[in-house]
Amino acid sequence: MVLMVSTRPKQDPAKGGRKASLFPDSASVATANVASGTLDASLLQSMMESLKNDIFGKIDASAANLRSEILSVRQELKSSVEPLQRAVEAHEATMGDLEQAATDHSPRIDELEATVGMLTPQVKRLDDKCEDLEGRSRRNNIRVMGIPEGLEGPCATDFVAQLLRDLLKLDEKPLLDRAHRTLRERSGEGTPLL
Numbered sequence: 001m002v003l004m005v006s007t008r009p010k011q012d013p014a015k016g017g018r019k020a021s022l023f024p025d026s027a028s029v030a031t032a033n034v035a036s037g038t039l040d041a042s043l044l045q046s047m048m049e050s051l052k053n054d055i056f057g058k059i060d061a062s063a064a065n066l067r068s069e070i071l072s073v074r075q076e077l078k079s080s081v082e083p084l085q086r087a088v089e090a091h092e093a094t095m096g097d098l099e100q101a102a103t104d105h106s107p108r109i110d111e112l113e114a115t116v117g118m119l120t121p122q123v124k125r126l127d128d129k130c131e132d133l134e135g136r137s138r139r140n141n142i143r144v145m146g147i148p149e150g151l152e153g154p155c156a157t158d159f160v161a162q163l164l165r166d167l168l169k170l171d172e173k174p175l176l177d178r179a180h181r182t183l184r185e186r187s188g189e190g191t192p193l194l
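At the far end of the sequence shown sits residue 194, using UniProt numbering, and the numbering has no gaps.
Given below as structure tokens:
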């Protein structure tokens, strides 16, 4: 059995030298015993046991430190994930509601599309009829020529009703929907009144 022991002299850390050994007394004794040639087995056993306990203590301290760091990281992750989990659950509920609403509305939409398809030709026919009636009603328009522009004042409808009553010698004013000037360039004789 070979035992390696440093033969350098110890330096005092207070004087700027190397740190003292972990087991200064044991090393001194081991050095003394090796020098004298008598290595005590029990001393060697106690040094190894002491070294083993020191290593196990450092491993246990490091493991405890790692456990506490892992627990803190786990807590941070849990606190970060919980709001996301709640948001995902809320979105899942909303998506479920939307899917249910789409399923519920699908037959109603089909009904409405069928109704619109049926009413579209009817609306077209009624629109054409309205346009025809508007064209026919324009045939009842009266065009009055030769009235100077500005003579009608602010209310052209009342002016034309009074003019027709006076010209046609009616008892009361005729009922007019509206009266307005045509959109032509102004000339000296005025634009016609409709």
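Glycine is no exception: its CB is placed at the ideal position from the N, C-alpha and C atoms. On a predicted model such as this, the values are computed, not experimentally measured, just so you know.
Span of the alpha helix (DSSP H) holding Leu-84? First-last of the alpha helix (DSSP H) with Leu-84: 41-138.
According to the neighbour-count rule (16 or more other Cβ atoms, all chains shown, within 10 Å of its Cβ), is Val-160 buried or exposed? buried
Proximal residues to Glu-153 (C-beta, below 8 Å), its chain only, five neighbours per side dropped: Sequence inspection shows Gly at residue 153; the Glu mentioned does not correspond to that position. Once the five neighbours on either side are set aside, the close Cβ partners of Gly-153 are Phe-159.
First and last residue of the alpha helix (DSSP H) that includes Leu-168? 156-168
Buried or exposed for Ala-41, please, with buried defined as at least 16 other CB atoms from any protein chain shown within 10 angstroms of its CB. So Ala-41 ends up on the exposed side.
Per DSSP, what kind of secondary structure is Pro-24 in: helix, strand or coil? The predicted model places Pro-24 with a pLDDT of 47, which falls under 50 and marks its position as unreliable, so this point remains unresolved.
Can you tell me the Cα-Cα spacing of Asp-97 and Thr-182, whole angstroms? 60 Å
I need the straight-line Cα distance from Leu-54 to Glu-89, nearest angstrom please. A small fix is needed here, since residue 54 is Asp in this sequence, not Leu. Approximately 51 Å, taken between the alpha carbons.
Less than 8 Å between the CB atoms is what I'm expecting for Thr-157 and Arg-178, so what's the real figure, rounded? Right, their Cβ atoms sit about 6 Å apart.
Nearest to Leu-151 (by Cα), restricted to the options Ile-142, Gln-162 and Glu-99: Of Ile-142, Gln-162 and Glu-99, the residue nearest in Cα terms is Gln-162.
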